[in-house]
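Enquirer:
In the working numbering, the protein residues as written are 230 to 375.
1) Rounded to the nearest angstrom, what separates residue 310 and residue 242 at their Cα positions?
2) Give the DSSP bridge partners of residue 273, in chain order.
3) 7 Å is my cut-off, CB to CB: does residue 301 come that close to chain C?
4) Alpha carbon to alpha carbon, what distance is there between residue 279 and residue 323?
5) I believe residue 297 touches residue 289 by the beta-carbon criterion, under 8 Å. Please report the beta-carbon distance rounded to the nearest angstrom.
6) Can you tell me which of the three DSSP states residue 263 falls into?
7) Going by the beta-carbon positions, is the gap between residue 351 and residue 365 smaller than 7 Å?
8) Leaving out the 5 sequence neighbours to the left and right, which residues in its chain are closer than 6 Å to residue 244 when beta-carbon positions are compared?
9) Which residue from 339, 262, 316 and 334 puts its Cα closest to that of residue 355?
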């Protein structure tokens, strides 16, 4: 008996059969007793092995409003959405980034800079219009101690 779940059976010349009646059945070995149901009134009855050699260049999806989007891959394996490389957003709020990082170019910090001492004390780093850096220890009810 053919294991339809894990292997697509080989077609046998002049023996393989496709039967259409109340449903569509396939019998690659010609045996109607072990034929597999493909399509019936309750829908499609495909197995994983039916898609062993399926290769798609892209998939088109519709948004709830009806806009069409194409999803595919470039030759490096990057995901493309409408032929543009998808870049994962990195501007989430309250994000924690771990590990050692190296930044090239200018980094602008809006909203201030805070540093933690080895004991976990929070210090706000401030710069004045002359470029002088100072720190202030942060406390629960505001800023204290320069």
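Glycine included, C-beta positions come from ideal geometry on N, C-alpha and C.
Expert: Well, looking at it:
1) Roughly 43 Å between the two C-alpha positions.
2) Its beta-bridge partners are 268.
3) Within the model displayed, chain C is absent; a lone protein chain is all it includes.
4) Distance from the CA atom of residue 323 to the CA atom of residue 279, rounded to whole angstroms, is 45 Å.
5) With a contact defined as Cβ atoms closer than 8 Å, residue 297 and residue 289 qualify at about 6 Å.
6) Of the three classes helix, strand and coil, the one that applies to residue 263 here is helix, per DSSP.
7) At the C-beta level, residue 351 and residue 365 stay beyond 7 Å of one another.
8) Hits under 6 Å: 259.
9) Selected option, being the one with the closest Cα: 339.
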